[in-house]
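Engineer: Chains as they are written, first to last, in the numbering used here: chain A, 1 to 102; chain B, 1001 to 1234. C-beta atoms are modelled at their ideal positions from N, C-alpha and C, and glycine is treated no differently. On a predicted model such as this, the values are computed, not experimentally measured, just so you know.
#1: Smallest Cα separation from residue 94 of chain A: which of B/1094, B/1045 and B/1186?
#2: Relative to the C-alpha of residue 1058 of chain B, which candidate in A/82, A/35 and A/16 has its C-alpha closest?
#3: Taking 8 Å as the threshold, find out whether the stretch 9–27 of chain A comes into contact with the stretch 60–78 of chain A through three or more Cβ pairs.
#4: Of the residues B/1061, B/1090, B/1085 and B/1072, which one's Cα is nearest the Cα of residue 1106 of chain B?
#5: Let me know the secondary structure DSSP gives residue 31 of chain A once reduced to three states.
#6: Can you find the residues in the same chain that come closer than 6 Å, C-beta to C-beta, to residue 1079 of chain B, ignoring five residues on each side of it along the sequence?
#7: Strictly under 9 Å for the Cβ-Cβ distance: is residue 67 of chain A near chain B by that measure?
#8: State yes or no: is the beta carbon of residue 12 of chain A nearer than 9 Å to at least one beta carbon in chain B?
#9: List the DSSP bridge partners of residue 1121 of chain B.
#10: So if DSSP puts residue 74 of chain A in a beta bridge, which residue, or which two residues, is it bridged to?
#11: Run down chain A in chain order and give the residues with a C-beta less than 7 Å from the C-beta of residue 1058 of chain B.
#12: So the alpha helix (DSSP H) residue 88 of chain A belongs to, where does it begin and stop?
#13: Excluding five sequence neighbours on each side, which residues of the same chain lie with their C-beta closer than 6 Å to the C-beta of residue 1 of chain A?
#14: Hey, does residue 1120 of chain B have any beta-carbon neighbour from chain A nearer than 9 Å?
#15: By a C-beta neighbour count over all protein chains shown, 10 Å radius and 16 as the cutoff for buried, is residue 44 of chain A buried or exposed?
#16: Along the stretch 1044–1074 of chain B, what residues have a CB closer than 7 Å to any CB found in chain A?
#17: Which class does residue 1216 of chain B belong to by DSSP, given the choice of helix, strand or coil?
#18: If I measure Cβ to Cβ from residue 27 of chain A and keep anything under 6 Å in the same chain, skipping five residues before and after, which residues do I get?
#19: Do you know offhand how far residue 82 of chain A's Cα is from residue 59 of chain A's?
#20: Compute the Euclidean distance between the alpha carbons of residue 1085 of chain B and residue 1070 of chain B, then round it to the nearest angstrom.
#21: Considering only residues of the same chain and omitting the five flanking positions on each side of residue 1117 of chain B, which have a CB-CB separation below 6 Å?
#22: Under 8 Å: do the stretch 1158–1167 of chain B and the stretch 1139–1149 of chain B share three or more Cβ pairs, one atom per stretch?
#23: Label residue 86 of chain A either buried or exposed according to how many other C-beta atoms from any shown protein chain fall within 10 Å of its C-beta, with 16 as the threshold for buried.
#24: Got a sec: which bits of the stretch 54–81 of chain A sit with their beta carbon under 9 Å from any beta carbon on chain B, in order along the chain?
#25: Compare the C-alpha of residue 1103 of chain B against each of B/1180, B/1140, B/1087 and B/1121 and name the closest.
#26: Name the chain B residues whose beta carbon is nearer than 7 Å to that of residue 20 of chain A?
#27: Determine, for residue 89 of chain A, whether the minimum Cβ-Cβ distance to residues of chain B falls below 9 Å.
Structure, rendered in structure tokens:
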């Protein structure tokens, strides 16, 4: 019981939308704002909030630039974000392993 | 709790009552913890399921990156190859050298495309694509060229079978890739095999022209389709 109580999940990643966002960035080096918006089925504002949250934690890096005079926002995982995601996965595994199923 | 129970003086009512109250809350606490554990486990399972689904879907999308251009390169290779061969036939040029050089060029272009698409993928994933490229298509190409070599060396086998052998090997490659990764490639593999066999049986004399045009067109159309799909996805 005590072993389990020591497992704490990263609350920033644990939120479903942010978890989805991080999972995509684990495969794709960089993803565009519109791509993420479509894949995660979010509104502009909603996605922006989640991205800012992750950026504040230092998990992702947001890059804003102009391509053909149009704004283009892309983001990618930072080393810290990659490590946090791996730790998060390890913790999930531990929770499943430690707690008996019935 | 047990240690505490052993140390209390049962004659001391206050301590005993304190113990009973404490053990009651302790049991309650355990119950709450168990319920929380179950919820946490359920949540953990759901999260893992979500991660698995998203990663698989994104990886499948990423497998299309560059695939279109590779198909176009090999489609153009078929057209250039057969055109060059026919021209060299007229002037008695080195056909083997032409196909060999063209293959090296196409391989070089494919390598560059794969390398560029690997750059778009996250750390560690790219190596898998490169490995797949080298461990799958290179041995198949080697097999195709070995068969060609045998066709030229062995007097009993007609040179007309060279293209047939190569394309049967390539079609097998598509079938294998289809079974392993992208199901759509199974159709390409079957179509390739059927068209090769039909051409070998009914139009053996013109098989090189027919099959080069068929495979060349097929590859270019597939390449354009994959590129379009990739553009939509990304």
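Structural biologist: Quick look at the numbers:
#1: Residue numbering aside, residue 94 of chain A sits at position 94 when the first chain is read from its first letter. Checking every option, the nearest Cα to that of residue 94 of chain A belongs to B/1045.
#2: In the second chain, the residue the question calls residue 1058 of chain B occupies position 58. Cα-wise, what sits closest to residue 1058 of chain B is A/35.
#3: yes
#4: Against the second chain, residue 1106 of chain B aligns to sequence position 106. When only C-alpha atoms are compared, the closest one is B/1072.
#5: Within the first chain, residue 31 of chain A is the residue found at index 31, counting from 1. Strand.
#6: Within the second chain, the letter at position 79 stands for residue 1079 of chain B. Closer than 6 Å at the Cβ level, and outside the excluded window around residue 1079 of chain B, lie 1216.
#7: By one-based count along the first chain, residue 67 of chain A stands at place 67. Judged by the 9 Å Cβ criterion, residue 67 of chain A is not in contact with chain B.
#8: The sequence position of residue 12 of chain A within the first chain is 12, counting from 1. For residue 12 of chain A, the answer is no, since every Cβ of chain B falls outside 9 Å of its Cβ.
#9: Along the second chain, read from residue 1 onward, the residue named residue 1121 of chain B stands at position 121. Paired residues: A/28.
#10: Reading the first chain from its first residue, position 74 is the one you call residue 74 of chain A. Beta-bridge pairing links residue 74 of chain A to A/32 and A/63.
#11: The residue you call residue 1058 of chain B lines up with position 58 of the second chain. Residues of chain A passing the Cβ test: 24, 27 and 28.
#12: The residue given as residue 88 of chain A occupies position 88 in the first chain. Boundaries of the alpha helix (DSSP H) harbouring residue 88 of chain A: 79–98, taken from the DSSP string.
#13: In the first chain, counting from the first residue as 1, residue 1 of chain A sits at position 1. Reliability of the predicted coordinates at residue 1 of chain A is poor, the pLDDT of 46 falling under 50, and no value is obtained from them.
#14: The sequence position of residue 1120 of chain B within the second chain is 120, counting from 1. So, interface residue.
#15: As a working note, residue 44 of chain A is residue 44 in the first chain. Classification for residue 44 of chain A: exposed.
#16: 1044, 1045, 1047, 1048, 1050, 1051, 1054, 1055, 1058, 1059 and 1062
#17: Here residue 1216 of chain B corresponds to residue number 216 of the second chain, with the count starting at 1. Of the three classes helix, strand and coil, the one that applies to residue 1216 of chain B here is helix, per DSSP.
#18: In the first chain, residue 27 of chain A corresponds to position 27, counting from 1. So the list is empty, once near-sequence residues are dropped.
#19: Residue 82 of chain A sits at position 82 when you count from the first residue of the first chain. Residue 59 of chain A sits at position 59 when you count from the first residue of the first chain. Going from the Cα of residue 82 of chain A to the Cα of residue 59 of chain A covers about 7 Å.
#20: Numbered from 1 along the second chain, position 85 holds the residue referred to as residue 1085 of chain B. Numbered from 1 along the second chain, position 70 holds the residue referred to as residue 1070 of chain B. The alpha-carbon atoms of residue 1085 of chain B and residue 1070 of chain B are separated by roughly 22 Å.
#21: Here residue 1117 of chain B refers to the residue found at position 117 of the second chain. Correct list, in chain order: 1065 and 1066.
#22: yes
#23: Position 86 of the first chain holds residue 86 of chain A. That one is exposed.
#24: 76 and 77
#25: Counted from its first residue, the second chain places residue 1103 of chain B at position 103. The shortest Cα separation from residue 1103 of chain B among B/1180, B/1140, B/1087 and B/1121 belongs to B/1140.
#26: Here residue 20 of chain A refers to the residue found at position 20 of the first chain. Neighbours of residue 20 of chain A on chain B, chain order: 1050 and 1054.
#27: Residue 89 of chain A sits at position 89 when you count from the first residue of the first chain. By this cut-off, residue 89 of chain A is an interface position.
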